[in-house]
Every structure is written in structure tokens, then in C-alpha cells.
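Below is one structure; the comments refer to it alone.
Residue numbers (the working numbering): 12 to 258.
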């Protein structure tokens, strides 16, 4: 029997939001910790994407005979957890060369871009190379792929907890630039908000699991993710993910 329930999150993880500690699957089974980056999706209970995500994951859990406990956390935190917890997965893990051997890569969940943003009234007009030079030492970046991307380009950054904090700091004038995924940036663009100033790269984000996970469990998850019904529900979730919320 598949059920949904909410339990208290562990210390060190996001403390509030519609996905914090949600349990998807059979409560008689020990759950897989499924790590999710902290974004608007993990904070806003009115976000229509929340139910679509739960529906998709419920289908996967049923088909794979597993249960998931959702764990919103920083990318830096869950990258460590994937190397230490056999029963752990990440919903959308950027597949980078230095991460290749640290996880089982089961399915590309979504393709997104990394973009530099500023206030809607920021006067910058120019190419990305010039923008990166201008942003050196003045761009906010969350942990994980954002900082890695800037480090690879020799760009100094200001560490910020997550994408939501970057948007708030830009709005308050405490940051001029921030590095976000394109889908998150699109939900906040418009007059008086933020503007995408340039795109750095496109990137695939994968459903991945710890290398320490039992091979039989990995195989069941992979098969469940690839089933036709699971794929249909994933695409429904992505359709909502790409849709800009109403103001």
C-alpha cells in the first residue's frame, strides 16, 4: 500500500515547506533518503508542481517496491550523504566528470541552464564573457554545481545559502549578480524583479543513487523510472516545472 505522510525533518536540513520529511511509499519499509535541492518548490505549498512531483515519485516507489523520505538540503550536504548512506538518492544531480564514480546514474530527469541574473533594471548589455569578468567577485552562488561552474572559469563568488536567498539579496541591493538555474530565474523575472543577463551553459540533471546501494535495489529503481507510466508522470511534472507561475 502506498501512502503519503509527513514526519519531522532531521537537524541540518530545511525546516519548513511542503516537501520537508514527506514519506512516499510503504511505511513498513526502511526508506531511501531522496535529496532535493532547496528551491521555491520546497517552500511554497501552493506551487502546483508539488503534487505532480509526489504523484510521479509515488508511481516510482510502487513499481520499485521502495519508499522515499524527501530531504530538502543544500547540494553540498547531499553530495556528502550520497558517499556515506547506502540508501540515499538525489532527485536532480548535475552529472559532472568529478562525480561520475560517486553515484549510480539512473535517469536524466531534466535539462536546464545556468544563468547569471541581476535586478530587472540592471543596465548591463553585452556578451557572457564580458559579463563574467564584470561579475568576478560580485556574484552570489549556492553550493554544488554553481560554485563548481564559477571555479572552473576562475570566477570568484560570494557564498550564499540557496537560490531563494540570492534572489532576495539581489532584490535588496546586497548583490548585483547571482547564478541560478534558468527555470528558477524564469519564475522571478519581470518588472521590479530580476532579469536574466546571460546564459553560461546547459546541463542535464539526473536521478542518481549512492554507489553503496545494493545492486538489486538500483536495478529495480532504474526499471521503475524507465516504465512508460513513470515517464508520462515525469513529463507532466516537467511541463509544470517549465511553466511560469502566475504573478
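Backbone N, C-alpha and C define an ideal beta-carbon position, used for all residues, glycine too. None of these values were measured; they are calculated from a predicted model.
- When the distance is taken between beta carbons, is residue 169 closer than 8 Å to residue 199? No Cβ-Cβ contact shorter than 8 Å links residue 199 with residue 169.
- Query: Does the distance from the C-beta atom of residue 99 to that of residue 92 stay below 8 Å?
  - Reply: At a Cβ-Cβ threshold of 8 Å, residue 99 and residue 92 count as neighbours.
- Count the other CB atoms, across all protein chains shown, that sit within 10 Å of the CB of residue 154; report buried if there are 16 or more and exposed otherwise. With a threshold of 16 other beta carbon atoms within 10 Å, residue 154 meets it and is buried.
- Query: Quick one: Cα of residue 187 to Cα of residue 203, how far?
  - Reply: Distance between the alpha carbons of residue 187 and residue 203 is about 14 Å.
- Task: Evaluate the contact criterion for the stretch 103-120 versus the stretch 219-239: three or more CB pairs, one atom per stretch, below 8 Å.
- Result: Yes: the two stretches touch, three or more of their Cβ pairs being nearer than 8 Å.
- Message: Taking the alpha-carbon of residue 194 as reference, which of 68, 144, 124 has the nearest alpha-carbon?
- Response: For residue 194, the closest C-alpha among the options 68, 144, 124 is that of 124.
- Endpoints, alpha helix (DSSP H) assigned at residue 128: No alpha helix (DSSP H) contains residue 128, which is instead part of the beta strand (DSSP E) from 114-130.
- Task: Pull up the distance between the alpha-carbon of residue 32 and that of residue 83, whole angstroms please.
- Result: Taking the straight line joining both Cα atoms gives about 8 Å.
- Query: Where does the unbroken alpha helix (DSSP H) through residue 224 begin, and where does it stop?
  - Reply: Neither: residue 224 is in no alpha helix (DSSP H) and is coded neither H nor E.
- Determine which residues share a DSSP beta bridge with residue 83 and list them. 47, per the DSSP bridge assignment.
- Query: In this structure, does DSSP put residue 33 in helix, strand or coil?
  - Reply: Strand, per DSSP.
- Message: If contacts are defined as beta-carbon pairs under 8 Å, then residue 130 and residue 206 qualify, I think. What distance do you get, rounded to the angstrom?
- Response: With a beta-carbon spacing of about 7 Å, residue 130 and residue 206 fall inside the 8 Å limit used to define contacts.
- Are residue 80 and residue 44 closer than 8 Å when you measure CB to CB? Note that the C-beta distance between residue 80 and residue 44 is below 8 Å.
- Item | Under 8 Å between C-beta atoms of residue 157 and residue 190 | Closer than 8 Å, so yes.
- First and last residue of the alpha helix (DSSP H) that includes residue 192? Element bounds for residue 192: not the alpha helix (DSSP H) but the beta strand (DSSP E), 188-192.
- Task: Can you tell me which of 180, 67, 103, 136 puts its alpha carbon nearest to the alpha carbon of residue 149?
- Result: Selected option, being the one with the closest Cα: 180.
- Item | Between the CA atoms of residue 229 and residue 40 - distance to the nearest angstrom | Distance between the alpha carbons of residue 40 and residue 229: 16 Å.
- With DSSP run on the structure shown, which of helix, strand or coil describes residue 240? Helix, per DSSP.
- Item | Short Cβ contact (8 Å threshold) for residue 211 with residue 160 | Contact: yes.
- Kindly indicate which residue of 65, 183, 166 has the alpha-carbon position closest to the one of residue 144. For the set 65, 183, 166, the Cα lying nearest the Cα of residue 144 is the one of 166.
- Message: What does the Cβ neighbour count give for residue 240, buried or exposed, with the cut at 16 atoms within 10 Å?
- Response: With fewer than 16 other CB atoms across the displayed protein chains lying within 10 angstroms of its CB, residue 240 is exposed.
- Message: Considering only their Cβ atoms, is the gap separating residue 236 from residue 71 smaller than 8 Å?
- Response: Yes; because the gap between Cβ atoms is below 8 Å, this pair is in contact.
- Query: With a Cβ-Cβ cutoff of 8 Å, do residue 102 and residue 47 count as a contact?
  - Reply: Cβ atoms of residue 102 and residue 47: closer than 8 Å.
- Item | Separation of residue 196 from residue 209, as counted between CA atoms | Cα to Cα, residue 209 sits roughly 11 Å from residue 196.
- Item | Limits of the unbroken beta strand (DSSP E) element including residue 152 | Per DSSP, residue 152 is one residue of the beta strand (DSSP E) stretching across 150-152.
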